[in-house]
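*Asks:* Please find one structure pasted underneath; my questions will follow.
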Amino acid sequence: MDLQTAAAIAPLLGWAVHGGILTRRLATARRDPLTGLHTRAGWTTRAEHNIRRHPHAAVLLVDLDHFKTLNDTHGHAAGDAALIATADRLSTWCDHHGTPGRLGGDEFVAVVRDLAAVDLDALTAALHQPLPYDGASLPLAASVGVCPLAELAAPSLTDALAAADAAMYAAKGRGRRGSRISR
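Here the sequence shown is numbered in the working numbering, starting from 1023 and rising by one per residue.
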């Protein structure tokens, strides 16, 4: 290879390396560093895709109950362990049926392709399993709100999240530790 050709290729190689680095950084930015779940941006893209393609899709909103108390009583490391456990349990429950995400704080979200194909009671049971931590058993609880997309006049992610949020707060109002489907 002559010097002129090498000089022409060098900038292209640099841009290719730079593009690869940017692609990896973007992928990393769409994942929550603590739980490994999709962040809001990454999850939203997948959720909108599922909503368009699957008429029986549903959006779930999950909020840990008494998380602040757990964090204040047992420390931030215990709080992080609770968040990681919740993410793992939600991911396991979603399995091949949907996509979980973390919106922030102690709020999680999922979109499932077919609500009839999943067991909401199993999710609630999994989210309420105590967490073994530092020789103790920490109680975990979560409220789950569900919005089946078929119940919306015009299925949109924004409306589904709002309805799931309302259903989640209704579940909290019923004494927490449960799930509720929007109606």
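We treat Cβ as the ideally placed atom computed from N, Cα and C, and that holds for glycine.
Run through DSSP, which three-state label would G1101 get?
*Replies:* The residue given as residue 1101 occupies position 79 in the sequence shown. Of the three classes helix, strand and coil, the one that applies to G1101 here is helix, per DSSP.
*Asks:* Considering only heavy atoms of the ligand COA, does any lie closer than 6 angstroms to the CB of A1189?
*Replies:* Among the components modelled here there is no ligand, and therefore nothing to report on the ligand COA.
*Asks:* Within 10 angstroms of its Cβ, does H1118 collect 16 or more other Cβ (buried), or is it exposed?
*Replies:* If you number the sequence shown from 1, residue 1118 lands on position 96. Exposed is the call here.
*Asks:* Tell me which same chain residues have a C-beta within less than 7 angstroms of the C-beta of L1160, skipping the five on either side of it?
*Replies:* Within the sequence shown, residue 1160 is the residue found at index 138, counting from 1. Same-chain partners within the cutoff: L1092, H1096, A1100, A1104, P1152, L1153.
*Asks:* What does the Cβ neighbour count give for R1135, buried or exposed, with the cut at 16 atoms within 10 Å?
*Replies:* Your numbering for residue 1135 matches position 113 in the sequence shown. Burial call: buried.
*Asks:* Is L1048 helix, strand or coil when you go by DSSP?
*Replies:* The count along the sequence shown starts at 1 and reaches residue 1048 at position 26. The predicted model places L1048 with a pLDDT of 46, which falls under 50 and marks its position as unreliable; any figure quoted below should be read in that light. Of the three classes helix, strand and coil, the one that applies to L1048 here is helix, per DSSP.
*Asks:* Give the C-beta separation of T1114 and V1133 to the nearest angstrom, bearing in mind that I take them to be a contact with Cβ-Cβ under 8 angstroms.
*Replies:* By one-based count along the sequence shown, residue 1114 stands at place 92. By one-based count along the sequence shown, residue 1133 stands at place 111. Going by Cβ atoms, the distance from T1114 to V1133 rounds to 16 angstroms, so no, they are not a contact pair.
*Asks:* Can you name, in chain order, every residue of its own chain whose Cβ lies under 8 angstroms from the Cβ of H1040, other than the five neighbours on each side?
*Replies:* Residue 1040 sits at position 18 when you count from the first residue of the sequence shown. With a pLDDT of 45 at H1040, under the threshold of 50, the predicted position of this residue should be treated as unreliable, and no value is reported.
*Asks:* Taking 7 angstroms as the cut-off, decide whether the C-beta atoms of N1072 and A1079 are in contact.
*Replies:* Here residue 1072 refers to the residue found at position 50 when the sequence shown is read from its first residue. Here residue 1079 refers to the residue found at position 57 when the sequence shown is read from its first residue. It is a contact, given that the beta carbons lie within the stated cut-off.
*Asks:* Which residue wins for smallest C-alpha separation from M1190, given the options D1156, V1168, H1150, D1181?
*Replies:* By 1-based counting over the sequence shown, the position of residue 1190 is 168. It is V1168 whose Cα lies nearest to the Cα of M1190.
*Asks:* For the beta strand (DSSP E) that contains D1094, what are its first and last residues?
*Replies:* As a position in the sequence shown, residue 1094 is number 72, starting the count at 1. Premise fails: D1094 lies in the alpha helix (DSSP H), 1089 to 1096, not in any beta strand (DSSP E).
*Asks:* Going along the chain, which residues of its own chain have a beta-carbon closer than 7 angstroms to the beta-carbon of E1070, five neighbours each way excluded?
*Replies:* Your numbering for residue 1070 matches position 48 in the sequence shown. Correct list, in chain order: L1179.
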